[in-house]
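S.K.: So the protein lines, in turn, are chains H and W. The first sequence maps to residues 24 to 773 in this note's numbering. The second sequence maps to residues 24 to 773 in this note's numbering.
Protein chains: 2
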Amino acid sequence: MIMKNIAFLSLIMFLSTSVFSQEPATLVNPFIGTTNYGATYPGAVVPHGMVSVVPFNVTPHKGNEYSNTNSWCSNPYVYNNKWMTGFTHVNLSGVGCPDLGSIIVMPTTGELNVDVNEYGTTISNEKAIPGCYSTKLDRYNIKAEVTATTRSGLSRFTFPEGKANILLDLGHGLTNESGAHIKRVSENEIEGYKLLGTFCYNSHAVMPVYFVVRIKRDNMESGYWKFQNKLPGARHNWSSTSDTYKLYTKYNKELSGEKIGTYFSFDAHEGEQVEVQVGVSYVSIDNARENLDAEQTNLSFEQIKQNAFDYWNTELKVVEVEGGTKDDKVMFYTALYHLLLHPNILQDVNGQYPAMESNAILNVDNEERYTVFSLWDTYRTVHPLMSLLYPDKQLNMVRSMVDMYKESGWLPKWEIYGRESHVMEGDPALVVIADTYRRGLTDFDVETAYEAMLKHANTIEDNFIRHDNEFYLKEHYIPFVKDYDNSVSQALELYVADYNLSLMAGAMGDKATQKKAYQRSLGYRKYFDKDYNLLRPVTEDGKYMEGFDPVQGENFQPVHGFHEGTSWQYSFAVPHDVKGLMRQMGGKNKFVQQLNKCFKDSLFDMSNEPDMAYPFLFNYASGSEWRTQKQVHDCIRRYYKNSPDGLPGNDDTGTLSAWLIYSMMGIYPVCPGDMNYTLSSPVFDKITIHLNKDIYNKEQIVIEAQRRSADDIYIKEIKINDRPYNRYFISHKDLIENGNVKFKLGSSPK
Amino acid sequence: MIMKNIAFLSLIMFLSTSVFSQEPATLVNPFIGTTNYGATYPGAVVPHGMVSVVPFNVTPHKGNEYSNTNSWCSNPYVYNNKWMTGFTHVNLSGVGCPDLGSIIVMPTTGELNVDVNEYGTTISNEKAIPGCYSTKLDRYNIKAEVTATTRSGLSRFTFPEGKANILLDLGHGLTNESGAHIKRVSENEIEGYKLLGTFCYNSHAVMPVYFVVRIKRDNMESGYWKFQNKLPGARHNWSSTSDTYKLYTKYNKELSGEKIGTYFSFDAHEGEQVEVQVGVSYVSIDNARENLDAEQTNLSFEQIKQNAFDYWNTELKVVEVEGGTKDDKVMFYTALYHLLLHPNILQDVNGQYPAMESNAILNVDNEERYTVFSLWDTYRTVHPLMSLLYPDKQLNMVRSMVDMYKESGWLPKWEIYGRESHVMEGDPALVVIADTYRRGLTDFDVETAYEAMLKHANTIEDNFIRHDNEFYLKEHYIPFVKDYDNSVSQALELYVADYNLSLMAGAMGDKATQKKAYQRSLGYRKYFDKDYNLLRPVTEDGKYMEGFDPVQGENFQPVHGFHEGTSWQYSFAVPHDVKGLMRQMGGKNKFVQQLNKCFKDSLFDMSNEPDMAYPFLFNYASGSEWRTQKQVHDCIRRYYKNSPDGLPGNDDTGTLSAWLIYSMMGIYPVCPGDMNYTLSSPVFDKITIHLNKDIYNKEQIVIEAQRRSADDIYIKEIKINDRPYNRYFISHKDLIENGNVKFKLGSSPK
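1) Is there at least one Cβ from chain W nearer than 8 Å to H204 of chain H's Cβ?
2) Are the CB atoms of G346 of chain H and F766 of chain H nearer to each other than 8 Å?
3) Classify L191 of chain W as helix, strand or coil using the three-state DSSP reduction.
4) In terms of residues, what are the limits of the beta strand (DSSP E) holding M427 of chain H?
5) Going by C-alpha to C-alpha distance, which of H:R650, H:M608, H:A187 sits closest to A291 of chain H?
6) Quick one: is E214 of chain W buried, meaning 16 or more other Cβ sit within 10 Å of its Cβ, or exposed?
7) Taking C-beta pairs closer than 8 Å, name the residues in chain H that S630 of chain W reaches, listed in chain order.
8) Would K773 of chain H pass as an interface residue toward chain W - the criterion being a Cβ-Cβ separation below 8 Å?
9) Rounded to whole angstroms, what's the CA-CA distance from K742 of chain W to S704 of chain W? Just pull it up for me.
10) According to DSSP, what are the bridge partners of V113 of chain H?
11) Going by DSSP, which residues form a beta bridge with H204 of chain W?
12) Is the beta carbon of L545 of chain H closer than 8 Å to that of T536 of chain H?
13) State the beta-bridge partners of A151 of chain W as determined by DSSP.
14) E149 of chain W: which of W:D266, W:T172, W:G124, W:Y64 sits nearest, CA to CA?
15) Which residue wins for smallest C-alpha separation from G119 of chain H, given the options H:Y156, H:E632, H:R312, H:M73?
16) At a CB distance below 7 Å, what residues from the region 266-292 of chain W approach chain H? Give them in sequence order.
17) Could you spell out the range, first to last residue, of the beta strand (DSSP E) harbouring F752 of chain W?
18) Measure the CB-CB distance between L190 of chain W and G284 of chain W and report whether it falls below 8 Å.
19) Would you say V76 of chain W and G86 of chain W are within 8 Å of each other, going by their C-beta atoms?
20) Who are the neighbours of K249 of chain W on chain H, taking C-beta pairs under 7 Å?
21) Counting Cβ pairs, one atom from each stretch, are 3 or more of them under 8 Å apart for the region 116-131 of chain W and the region 321-341 of chain W?
22) Assign G565 of chain H to one of two classes, buried (16 or more other C-beta atoms within 10 Å of its C-beta) or exposed (fewer than that).
23) Run through chain W and tell me which residues come within less than 7 Å of W261 of chain H, C-beta to C-beta.
24) At 3 residues or longer, and completely inside the region 306-362 of chain W: list those beta strand (DSSP E) runs for me, N to C.
25) Over what stretch of residues does the alpha helix (DSSP H) that includes L477 of chain H continue unbroken?
26) If the cut is a Cβ gap below 7 Å, which residues of chain B does P231 of chain W touch?
27) Within the present structure, is the beta-carbon of L496 of chain W separated from the nearest heavy atom of the ligand COA by less than 7 Å?
28) Should L38 of chain H be flagged as near chain W, meaning a C-beta pair shorter than 8 Å?
29) Any residues in the region 341-364 of chain H with a beta carbon nearer than 8 Å to a beta carbon of chain W? Which ones, in chain order?
30) Between N199 of chain W and chain H, is any beta-carbon pair separated by less than 8 Å?
31) What do you get for N80 of chain H, buried or exposed, if any count of 16 or more other CB atoms within 10 angstroms of its CB means buried?
32) So, are the CB atoms of M698 of chain W and I726 of chain W less than 8 Å apart?
33) Evaluate L34 of chain H with the Cβ neighbour count: other Cβ atoms within 10 Å of its Cβ, from every protein chain shown; 16 or more gives buried, anything less gives exposed.
34) Taking C-beta pairs closer than 7 Å, name the residues in chain W that T264 of chain H reaches, listed in chain order.
35) Under 8 Å by Cβ, that's how I've got G584 of chain H and D508 of chain H pegged, so tell me the actual separation to the nearest angstrom.
36) Going by C-alpha distance, which of W:H599, W:S647, W:S630 is nearest Q617 of chain W?
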């Protein structure tokens, strides 16, 4: 099942002739981004896996600096935390809100203790490679190794001699939802579900995850537990289990509640290895079992681990890099690894998946149904990059999005397991669809997609995507109406979306929409305040908001008009009209001056998506391209590292990693929908992108950089197919068709 | 399904000739016992119903004197409470520990409020007849009427105009267990289960009850709710639902947790009637639905209500009484009504039931599988009376008990829905089986039953029924070993059990057991202390316990050696050897003097089962029989009434009611197993017991009492079949065979 997609066969063919000095999967460091709020995890997972097996160490405890209690900790694992309480089996990578981080399996030894506040342990000797994580549980002297298939996890615990316990804890985790149900199936199998969701505290995005847990061992004692709420009044004193964990040693039927779990205990002989299988589904318990059986039957731990590694290796080989340091390569392939975690597979092995915003169970009518679309983030870098590197996957992602429209009446914004969570702003699905289409990936239901785009753009009533649409359609901006609204941020997103709608309308021959949408996309000019040379909230009567402070909004400080950022961090976010913005600002020099100030005065935020293109915008001011080369390299070196703090903030389901991949390759799509990449100096000497020949009719692109030392970061010369090229932009089509870009680099600006 | 048992057809036949001046079901007052700790309920139920629909008014609230919080409140309803929070669908009647009282349906009006602490109401205009209860919910101006079939409930709510809500609340109730699961099936149907058990704080007696709830109305808004525990730390502030009730307005899949429920809301027109059906099963959700459909399809509320009433009428007609006051008749038929609530039906309409102490689902191989056997209570009066009045039911109860042994290896002691709760003392199943057998009801698996009795009596290790068995088998008593143990109470129960084992062994031709068990049954003499003429705990070395206080133990005060009672309240509890006890005490006069002191000095407790036979024990002292006649009448008049406080304490699943039935008829089985009834003066002028002719080969027994006034409570003359009779005992066989007892009563002792 793992390698069923078309890409695999194609890859096998065209990779058979290439020689990697090192398998790329060995160049992945899964610990990158596991601190400094990167929110990635080092656990075992395969590309786009529904299941990931992750050491959970954010339970509140004195050893844990970050916890799911007192900080906005959105990840199951933090590198510098100390106290680990088990392995979670469903997880999100790089997101900014806590969810999932559930179905926790924990091995212990000695007397049974089911209290999460007591059974944790420090860990040591952590190792992680793609598809496998291992560690030692210090307190229990247990070696834990975990691996995964697409829809199941497998843990192998090596116990010391004596009493051993395996806990399945459904009572803690990351999600804000609570409540679970379990039922014993046999001596060593438990089935159940747990509620997930309320993602980003949106109370409507709720979903059950179904599971089957099987311990590959016989002769175990086992039972359930539940934390009993304190019985009222005097009854507390009459009960031996009030306000404490109650063990159910004989009860084997259905159990439900909040802090519940199952334990298995046995006498281990020295070095005894016990494996725990966890099958997962978002459709049903039966499907969870079918997934587990389909993906693990007759496979040993070592085989599953090897399969996972091979799967990664195959996917990562799509790009070959030469030159650069070892750290550069690790950063690059780890970024590619992070790119491939989300969106992830939603459908079960039998093809069933939960429909968007309904109770229906449907069957995939294309190859994969993807979920976890963090589109405000990912439209900028992830999806354009997927179109380039993994166009078959990107097509399936767009098909999934269009299917969501068919199922729910809307394209997704921040979709999570079939539910719209309404997180962040704008109408990002339009951008993704138009961008994909324009890259030549048109094998999806374009007509329905366009219908959906129009619905998003034109619906006035109950338009939860464009909630201020009546005013916006008329005035082309969103007014500041109350303190701390996100009016400008929302409008900026709509401008990019409408720019893309305009492009799509052009392709569809819908000239009226093409024109109107384009006009709307220029509405940002309304916010432009010459006094500041920045964007400033505007009221309903067209006046600038009083009390404007262009640096208000740093570090999540509340701010009027902008979402999680300052005016500075949003004012250049009109990638579809950079030249127009430049004119607003008074020309090239003023523009460069203002942009430069962002970096000089630390007004730029590498981890905030609207800022991501900033370093590349100097390319729009001819003569200042060296500033882009410098800023891009500065950003790479300053914000990205081969270490746990190697991401500057939430990876946002691969968005920051995709930025790094582009930047290290020297090409960047400043404005999705706009088919131009802008150019900067690559980090590597040679980058070979193996194209999907079925789609691009071309085998590969090669980007080369000639340099004398690593300090040579400035572009002296560009050649396309060995012909001199004097522009700092190249279209997607030209890049594919010509296929060879050569940079000559030097240590000083040209 | 309701009237499927054989008795019904037989009854129809032999009742067709009898003329009741009033239908006996009209003479039932379901409010009797609903305060003064009687622990009965006024709700709708059919004989032995799995389901009862009961107004739940013991939620802690200022209007509720008794609540499930601060008092040992074991019932869903207390007459003098004021604050009602819905209708429970599974309930226990007359027990001493809280359990069940769950699956709560509550109608409200106005803005939806799902907080049980807020949505309650006072009620007025309560009416209850067998099978139907109705009331007005004052706050909401809703009329509520509820009725039941064996395995389902039906409520009819009449709403005023405006917004109406129907809540299904699974988050509160009587049981100590918590946790439930629900799932929407359709617009107006919910299925799920709720955990019950931890009966009497015994943590192992846990069971799920499955249900299907259907609202007979379309066009409703509906959703779930769950009380969200307070999120830890700062997360509480980020969440709009932390530490409060969260409404799930769109989520329709599985929900589980502690305080959860479902609501249905709609705009009612003035006087709109909406019916709510609840099907229940202890096997599965599917069975709950099958039960509901089988018992309610194509039946109107009025038809179901009438069927329930008719069912009661048919059952109650087994005894006809003439004479006495209206109150006497109401007390009598209400007692008969209480007798028929427990044990109750466990199997579903398809015959499936949950096996004893396992996960197995079995099929009935006899007519009914009964559950809720409170045997320490019921062996004394309930089962002997069932054998006389409803022998077919009693046979099924014994068959159920023997099947429990086959399933779990033990006969029940206090069985509740397939789980042994280990409540109270002794080995009461032996008594019930021997008594039933000796009354001629032998159509059960006697061989297996005897095997089980021997196992109970002879097992040394892990004998949870006779936990001190090694010592007891050797020494014939149970030693006082630690403060507040129940050593004497436990031993007294074993004596009665061993007396019955001896009788059974005699019937089985097992002379060795017959002799040994009989010898053990006399072990009580070890406790007899001549200095007090009472029983006194004895230590392992055979010495009387120091610090003995024969009145210690009143009002649930802790006491050494006795369970919930004083030495006085236990010292006459050797019904199998009253004459022997008399000799111990120094003869008839001393015995009468001591027994008399019980009543004179208020040392007697009418609500404590070991005391129940005390009033009848004067009959063993010839010449003092008038004292029994007086005491029995005094007890009836003092402790029983036609009013909510009309029971002297917990009815103990019909035990106190059965005492009243016997006492009002003038016959009492002092010692189960001993086939003698002792005689006292009946309350009624004529009592006709319609016998089950198949079993007793006789149509009826008639007991008559000739009196001039109600003050004539003393027996002047007894005639059996018109022949003078000078004994105050008559054997079961003689009573049945002769069939006519006539008392001549007077106002002074003979």
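Even for Gly, the Cβ is constructed at its ideal location relative to N, Cα and C.
M.R.: The structure says:
1) Along the first sequence, one-based indexing puts residue 204 of chain H at 181. At least one chain W Cβ lies under 8 Å of H204 of chain H.
2) Mapped onto the first sequence, residue 346 of chain H falls at position 323. Mapped onto the first sequence, residue 766 of chain H falls at position 743. Cβ distance not < 8 Å, so G346 of chain H and F766 of chain H don't count as in contact.
3) By 1-based counting over the second sequence, the position of residue 191 of chain W is 168. Note: L191 of chain W maps to strand in three-state DSSP.
4) The residue you call residue 427 of chain H lines up with position 404 of the first sequence. Where M427 of chain H is concerned, there is no enclosing beta strand (DSSP E), although the alpha helix (DSSP H) it sits in stretches over 414-431.
5) As a first step, residue 291 of chain H is located in the first sequence; it is residue number 268 there, counting from the start. Nearest C-alpha to A291 of chain H: H:A187.
6) Along the second sequence, read from residue 1 onward, the residue named residue 214 of chain W stands at position 191. It counts as buried.
7) Counted from its first residue, the second sequence places residue 630 of chain W at position 607. What S630 of chain W touches in chain H: nothing, since even the nearest Cβ is about 20 Å away.
8) On the first sequence, residue 773 of chain H is found 750 positions in, with the first residue counted as 1. No - not a single Cβ of chain W is within 8 Å of the one on K773 of chain H.
9) Along the second sequence, read from residue 1 onward, the residue named residue 742 of chain W stands at position 719. Along the second sequence, read from residue 1 onward, the residue named residue 704 of chain W stands at position 681. Roughly 13 Å between the two C-alpha positions.
10) The residue given as residue 113 of chain H occupies position 90 in the first sequence. Beta-bridge pairing links V113 of chain H to H:S125.
11) Sequence index remark: in the second sequence, residue 204 of chain W carries index 181 (1-based). Bridge partners of H204 of chain W: W:Y216, W:S279.
12) Taking the first sequence and counting its residues from 1, one reaches residue 536 of chain H at position 513. Taking the first sequence and counting its residues from 1, one reaches residue 545 of chain H at position 522. In this structure, L545 of chain H does not lie closer than 8 Å to T536 of chain H by Cβ.
13) In the second sequence, residue 151 of chain W corresponds to position 128, counting from 1. Looking at the DSSP assignment, A151 of chain W forms a beta bridge with W:Y156.
14) Here residue 149 of chain W refers to the residue found at position 126 of the second sequence. Comparing Cα positions, the closest option is W:Y64.
15) Taking the first sequence and counting its residues from 1, one reaches residue 119 of chain H at position 96. Ranking the options by Cα distance to G119 of chain H, first place goes to H:E632.
16) K269, Y271, K273, Y274, N275, K276, E277, L278, S279, G280, E281
17) Against the second sequence, residue 752 of chain W aligns to sequence position 729. Where F752 of chain W is concerned, the enclosing beta strand (DSSP E) stretches over 752-754.
18) Sequence index remark: in the second sequence, residue 190 of chain W carries index 167 (1-based). Sequence index remark: in the second sequence, residue 284 of chain W carries index 261 (1-based). Result yes, Cβ atoms of L190 of chain W and G284 of chain W sit closer than 8 Å.
19) Counted from its first residue, the second sequence places residue 76 of chain W at position 53. Counted from its first residue, the second sequence places residue 86 of chain W at position 63. No, the pair does not count as a contact, with Cβ atoms beyond the cut-off.
20) By one-based count along the second sequence, residue 249 of chain W stands at place 226. Neighbours of K249 of chain W on chain H, chain order: G202.
21) no
22) In the first sequence, residue 565 of chain H corresponds to position 542, counting from 1. G565 of chain H comes out exposed.
23) Locating residue 261 of chain H in the first sequence gives position 238, counting from the first residue. The answer, in chain order, is Y224.
24) 342-345
25) Along the first sequence, read from residue 1 onward, the residue named residue 477 of chain H stands at position 454. Run containing L477 of chain H: 469-481, per the alpha helix (DSSP H) assignment.
26) Included in the structure are the protein chains H and W, with no chain B among them.
27) Here there are no bound small molecules, and the ligand COA is not part of this structure.
28) Counting from 1 along the first sequence, the entry for residue 38 of chain H is found at position 15. At L38 of chain H, the pLDDT of 42 sits below 50, so the modelled position is not reliable and the matter cannot be decided from this model.
29) none
30) Residue 199 of chain W sits at position 176 when you count from the first residue of the second sequence. Closer than 8 Å: yes.
31) Here residue 80 of chain H is taken as the residue at index 57 of the first sequence, counted from 1. Classification of N80 of chain H: buried, given that the 10 Å Cβ count is 16 or more.
32) Counted from its first residue, the second sequence places residue 698 of chain W at position 675. Counted from its first residue, the second sequence places residue 726 of chain W at position 703. No, these two residues do not count as a Cβ contact at 8 Å.
33) Stepping through the first sequence from its first residue, residue 34 of chain H is reached at position 11. Low confidence applies here, because L34 of chain H scores a pLDDT of 42, under 50, leaving its location unreliable; read the following figure in that light. Flag for L34 of chain H reads buried.
34) Position 241 of the first sequence, counted from the first residue, corresponds to residue 264 of chain H. Near T264 of chain H (Cβ distances below 7 Å), the residues of chain W are S226.
35) For the purposes of this step, residue 584 of chain H is taken as the residue at position 561 of the first sequence. For the purposes of this step, residue 508 of chain H is taken as the residue at position 485 of the first sequence. Indeed, because the Cβ distance is near 7 Å, the residues count as touching under 8 Å.
36) The residue you call residue 617 of chain W lines up with position 594 of the second sequence. Of the candidates W:H599, W:S647, W:S630, the one whose C-alpha sits nearest the C-alpha of Q617 of chain W is W:S647.
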